Amino acid sequence: MDRQKPKRLDLQGIRGIAILLVLGFHFFPEFCPNGYLGVDQFFVLSGFLMCMLLKRAENQSTCYLITLFYSKRFKRILPLYLLIIFISMICLYLFFPSTSIETNQESAIQALLFVSNRPKTTQEDYFQLLAIAVDIFTHTWSLSVEIQFYFLVPFIFLFAVKVPEKFQLGYYGTIGFISFVYYNTLPPTLAFNSVYARIWQFLIGMVVYLLGVSKPQFQYQVLANEGDEEEELECQQHMIEEESNSASTIFSQHAVFVLLAFLISVTAYPHKLPALAIRPVITVGTGLLMLFTEDNIILSNRVLTYIGDISYSLYLIHWPIYAYWKLTCDGDTFLLISALVGSVILAIITYETYEKWYLKLSSTNVYKLAIIGNSWAANHGKMFYQECSSKAKSIMQGSAFACEPLYATGQTDICKANLTDFQERVKKEKPDYAFIITRFKSIGDPWPKGVKSFKNDKVYQTMKEQMLKFLPNIKYKLYILDSIPQVDSRYILKIVGLLKNNTNLVNIDKKLVRHDGYEMARSRHAQLIKDCKGRCEMIDYLPEFYNNATKTFRYFDERGFSYWTMPSHLSPHGIEHIRHLWTDICRKL
Numbered sequence: 001m002d003r004q005k006p007k008r009l010d011l012q013g014i015r016g017i018a019i020l021l022v023l024g025f026h027f028f029p030e031f032c033p034n035g036y037l038g039v040d041q042f043f044v045l046s047g048f049l050m051c052m053l054l055k056r057a058e059n060q061s062t063c064y065l066i067t068l069f070y071s072k073r074f075k076r077i078l079p080l081y082l083l084i085i086f087i088s089m090i091c092l093y094l095f096f097p098s099t100s101i102e103t104n105q106e107s108a109i110q111a112l113l114f115v116s117n118r119p120k121t122t123q124e125d126y127f128q129l130l131a132i133a134v135d136i137f138t139h140t141w142s143l144s145v146e147i148q149f150y151f152l153v154p155f156i157f158l159f160a161v162k163v164p165e166k167f168q169l170g171y172y173g174t175i176g177f178i179s180f181v182y183y184n185t186l187p188p189t190l191a192f193n194s195v196y197a198r199i200w201q202f203l204i205g206m207v208v209y210l211l212g213v214s215k216p217q218f219q220y221q222v223l224a225n226e227g228d229e230e231e232e233l234e235c236q237q238h239m240i241e242e243e244s245n246s247a248s249t250i251f252s253q254h255a256v257f258v259l260l261a262f263l264i265s266v267t268a269y270p271h272k273l274p275a276l277a278i279r280p281v282i283t284v285g286t287g288l289l290m291l292f293t294e295d296n297i298i299l300s301n302r303v304l305t306y307i308g309d310i311s312y313s314l315y316l317i318h319w320p321i322y323a324y325w326k327l328t329c330d331g332d333t334f335l336l337i338s339a340l341v342g343s344v345i346l347a348i349i350t351y352e353t354y355e356k357w358y359l360k361l362s363s364t365n366v367y368k369l370a371i372i373g374n375s376w377a378a379n380h381g382k383m384f385y386q387e388c389s390s391k392a393k394s395i396m397q398g399s400a401f402a403c404e405p406l407y408a409t410g411q412t413d414i415c416k417a418n419l420t421d422f423q424e425r426v427k428k429e430k431p432d433y434a435f436i437i438t439r440f441k442s443i444g445d446p447w448p449k450g451v452k453s454f455k456n457d458k459v460y461q462t463m464k465e466q467m468l469k470f471l472p473n474i475k476y477k478l479y480i481l482d483s484i485p486q487v488d489s490r491y492i493l494k495i496v497g498l499l500k501n502n503t504n505l506v507n508i509d510k511k512l513v514r515h516d517g518y519e520m521a522r523s524r525h526a527q528l529i530k531d532c533k534g535r536c537e538m539i540d541y542l543p544e545f546y547n548n549a550t551k552t553f554r555y556f557d558e559r560g561f562s563y564w565t566m567p568s569h570l571s572p573h574g575i576e577h578i579r580h581l582w583t584d585i586c587r588k589l
């Protein structure tokens with residue numbers, strides 16, 4: 001079991017490198033003339049983040065998706081941005097030369113309206129403004145570009161959702177190519193500031209996220225397993241696949257180090273390189289780096305990731321301080337270094353106090369979630385992430401093959417040990433909401449001989465005891481997936497043939513469905529809900545699969561597509577069949 005990381009540390013490392021490049025370019029332009037490319041890296045990272053937010057809410061209504069996207073992004077950006085502008089204006093009147101006031105009054109208005117990237121005259125070229133450093137809001141041009149893209153990206157994404165999945169990357173690629181051509185046809189000053197000439201950079205970040213969606217969305221450690229041949233076979237197959245991928249993993253790790261070294265050497269090269277040629281290289285290279293660097297030891301180190309954490313504060317704070325040095329200190333090198341160190345210290349203080357404080361305030365209604373169970377927890381994992389991640393601060397997933405979390409399946413030693421493991425991990429995580437997602441096994445066993453009540457039922461009493469150990473560590477509610485009849489996997493591959501032979505559907509239902517045990521399991525669950533005293537809620541698939549007309553369970557659709565797989569898991573088709581239940585559950589959290 002493991003909890004979903006709140007953020008990829010390697011991306012924070014890339015962010016840390018990007019802000020160091022920007023600082024080098026601003027404070028020491030003669031030594032780091034290509035450091036401005038750090039902003040291009042920021043744009044790729046922003047595209048990745050935007051796509052992640054939109055993808056998490058893609059199954060919600062359009063109104064909800066757009067509202068959620070804007071609320072999250074503006075809560076992240078505006079509080080610190082507005083505070084820095086306010087403090088900068090106070091400092092402007094108190095400490096800056098009077099000759100700089102008029103210029104900055106106009107620039108402050110443009111920064112507040114996020115139009116600092118308006119078309120510039122030759123005299124207002126970005127690099128010339130950096131050289132004279134009169135405008136203390138020059139650096140807000142990049143945030144203006146990003147905010148303006150916010151008003152485009154939800155609609156770009158929503159159109160992409162309407163496109164067949166196999167054509168979506170082509171759709172993004174077409175828009176990106178048009179933007180790139182536009183960038184190359186504009187005069188350099190206009191291209192530098194135009195949001196339309198920057199779309200391709202954001203889209204590279206979005207495509208990187210989409211390419212990574214096919215990878216596991218959360219990590220989990222398989223607990224010890226025993227007893228179920230189908231689940232054991234699946235586990236062995238997974239291990240074989242991991243071994244076969246080890247060589248390619250080693251190769252990709254070496255390639256990542258080479259790519260990282262190349263990007264750093266180019267951006268830190270002490271001689272100015274032609275922007276028209278090098279910007280696409282750095283943008284695409286950053287995208288490739290993001291695609292393959294998860295858990296990279298260099299990019300995930302604490303120092304670099306912390307620099308990434310404070311990068312937003314540092315970006316906003318450093319330029320007004322540098323501008324003050326430029327206007328008042330006559331090029332004093334010691335004071336320049338002092339300005340840089342002061343910028344870092346102020347950024348750390350701002351991040352640790354104000355930024356963390358308002359980010360915590362904006363995290364209301366974002367919960368710690370946990371899903372535990374046997375292999376059904378993993379079977380439901382991707383769908384759960386897709387439906388609930390917009391409400392999640394973290395997601396812990398734990399699955400123990402062939403072991404139920406409320407009762408030691410088959411009373412094996414391994415499953416008994418897993419009961420304790422489930423308890424400890426829930427206690428450690430302390431989720432706001434927990435979900436038990438499991439295919440019933442031993443909890444469907446009949447009454448022990450001579451037992452006629454739950455009071456004397458050892459299976460139920462163990463379930464109750466385990467539940468009562470979970471509840472003190474769950475803040476709000478425990479959801480439990482109720483039991484449904486299992487499938488006779490021998491008949492899954494025969495469904496289509498039986499339909500072609502016009503076999504009566506009820507007869508297929510009777511062959512396909514195993515009724516033994518599920519009613520006993522449901523009875524124990526029902527009693528568990530009573531003893532939970534309002535802190536538990538049942539999730540029931542039975543109405544989704546029970547055919548009222550034939551009074552049978554129907555585990556396939558009219559075309560013969562099965563809702564189950566051979567290892568007795570829900571198939572992708574089956575997951576989609578019950579998805580709407582989870583959409584509703586997650587929306588109500």
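Just so we're aligned: 507 in full-length UniProt numbering is position 507 of the sequence shown, and the numbers increase by one with no gaps anywhere.
From the three backbone atoms N, C-alpha and C, an ideal C-beta is built for every residue, glycine too.
Just so it is clear, the structure is predicted and the values come from calculations on it, not from any experiment.
By Cβ distance below 7 Å, which residues in the same chain neighbour residue 161 in space, the five residues on each side in sequence not counted? The sequence position of residue 161 within the sequence shown is 161, counting from 1. Same-chain partners within the cutoff: 58.
Going along the chain, which residues of its own chain have a beta-carbon closer than 7 Å to the beta-carbon of residue 409, five neighbours each way excluded? Position 409 of the sequence shown, counted from the start, is the residue given in the question as residue 409. 227, 402, 403, 415, 441 and 442.
Where in the segment 412-479 do unbroken runs of the beta strand (DSSP E), each at least 3 residues long, occur, reported from the N-terminal end onward? 433-436
CA-CA distance, residue 534 and residue 478? For the purposes of this step, residue 534 is taken as the residue at position 534 of the sequence shown. For the purposes of this step, residue 478 is taken as the residue at position 478 of the sequence shown. Taking the straight line joining both Cα atoms gives about 10 Å.
Taking 7 Å as the CB-CB limit, is residue 207 close to chain B? In the displayed structure, chain B is absent; only one protein chain is listed.
Would residue 575 pass as a contact of residue 544 if the rule is Cβ separation under 7 Å? As a working note, residue 575 is residue 575 in the sequence shown. As a working note, residue 544 is residue 544 in the sequence shown. Going by C-beta atoms, residue 575 is not nearer than 7 Å to residue 544.
Between which two residues does the beta strand (DSSP E) containing residue 392 stretch? Locating residue 392 in the sequence shown gives position 392, counting from the first residue. Element bounds for residue 392: 392-399.
Taking 6 Å as the cut-off, is the beta-carbon of residue 562 closer than that to any non-hydrogen atom of the ligand ATP? The ligand ATP is absent from the structure shown, which contains no ligands of any kind.
The segment 413-427 contacting the segment 74-93, beta-carbon criterion three pairs below 8 Å: no
Starting from residue 537, follow the beta strand (DSSP E) in both directions and report where the run begins and ends. As a position in the sequence shown, residue 537 is number 537, starting the count at 1. Where residue 537 is concerned, the enclosing beta strand (DSSP E) stretches over 536-539.
List in chain order: all unbroken alpha helix (DSSP H) runs of 4+ residues lying wholly within the segment 346-387. 356-361 and 375-379
Go ahead and label residue 360 buried or exposed: buried means 16 or more other beta carbons lie within 10 angstroms of its beta carbon, across all protein chains shown. Taking the first residue of the sequence shown as position 1, residue 360 is located at position 360. It counts as exposed.
Can we say the segment 132-145 touches the segment 191-202, given the rule of at least three CB pairs closer than 8 Å? yes
Within this structure, are the beta carbons of residue 141 and residue 104 separated by less than 7 Å? To locate residue 141, count along the sequence shown from 1; it is residue 141. To locate residue 104, count along the sequence shown from 1; it is residue 104. Contact flag unset, no.
Own chain residues within Cβ distance below 8 Å of residue 492, not counting five before or after: Along the sequence shown, one-based indexing puts residue 492 at 492. Excluding residues within five positions, the ones whose Cβ falls inside 8 Å are 512, 562, 564, 565 and 566.
In angstroms with no decimal places, state the Cα-to-Cα distance between residue 558 and residue 539. As a working note, residue 558 is residue 558 in the sequence shown. As a working note, residue 539 is residue 539 in the sequence shown. Looking at the two C-alpha atoms, the distance is approximately 25 Å.
Tell me residue 553's beta-bridge partners as DSSP assigns them. As a working note, residue 553 is residue 553 in the sequence shown. Bridge partners of residue 553: 546.
Checking 7 Å against the spacing of the C-beta atoms, do residue 518 and residue 483 come in under that value? For the purposes of this step, residue 518 is taken as the residue at position 518 of the sequence shown. For the purposes of this step, residue 483 is taken as the residue at position 483 of the sequence shown. Yes, the pair counts as a contact, with Cβ atoms nearer than the cut-off.
On the three-state DSSP scale, how would you describe residue 483? Locating residue 483 in the sequence shown gives position 483, counting from the first residue. Correct three-state label for residue 483: coil.
Using DSSP's beta-bridge definition, name the partner residues of residue 564. As a working mapping, residue 564 is identified with position 564 in the sequence shown. 570.
Bridge partner(s) assigned by DSSP for residue 513: Along the sequence shown, one-based indexing puts residue 513 at 513. Answer is 487.
Along the alpha helix (DSSP H) that carries residue 25, what are the first and last residues, could you check? In the sequence shown, residue 25 corresponds to position 25, counting from 1. Unbroken alpha helix (DSSP H) run through residue 25: 9-27.
Give the straight-line distance between the Cα atoms of residue 310 and residue 158, rounded to the nearest whole angstrom. As a working note, residue 310 is residue 310 in the sequence shown. As a working note, residue 158 is residue 158 in the sequence shown. The straight-line gap from Cα to Cα measures roughly 32 Å.
Smallest Cα separation from residue 590: which of 312, 94, 189 and 451? Because residue 590 is not part of the residues shown, which for the chain are 1 to 589, the question remains open.
Is it buried or exposed, residue 178, if we count other Cβ atoms within 10 angstroms and call 16 or more buried? On the sequence shown, position 178 is the one that residue 178 refers to. So residue 178 counts as exposed.
Which first and last residues belong to the alpha helix (DSSP H) in which residue 531 is found? Within the sequence shown, numbered from 1, the residue matching residue 531 stands at position 531. Counting along the chain, the alpha helix (DSSP H) containing residue 531 begins and ends at 518-532.
Among 17, 73 and 28, which has the Cα closest to the Cα of residue 358? Within the sequence shown, numbered from 1, the residue matching residue 358 stands at position 358. Of the listed residues, the one whose Cα sits closest to residue 358 is 73.
Alpha carbon to alpha carbon, how far is residue 459 from residue 373? Here the question's residue 459 lines up with position 459 in the sequence shown. Here the question's residue 373 lines up with position 373 in the sequence shown. Using only the alpha carbons, I get a separation of about 17 Å.
Given residue 569, which residues of its chain have a CB within under 7 Å of its CB, disregarding the five upstream and five downstream residues? Position 569 of the sequence shown, counted from the first residue, corresponds to residue 569. So the list reads 375, 376 and 379, once near-sequence residues are dropped.
Whose C-alpha, out of 53, 332, 343 and 98, is nearest the C-alpha of residue 153? For the purposes of this step, residue 153 is taken as the residue at position 153 of the sequence shown. Nearest C-alpha to residue 153: 53.
Starting from residue 297, trace the alpha helix (DSSP H) in both directions and tell me its first and last residue. Walking along the sequence shown from the start, residue 297 turns up at place 297. Note, residue 297: premise wrong, no alpha helix (DSSP H); not H, not E.
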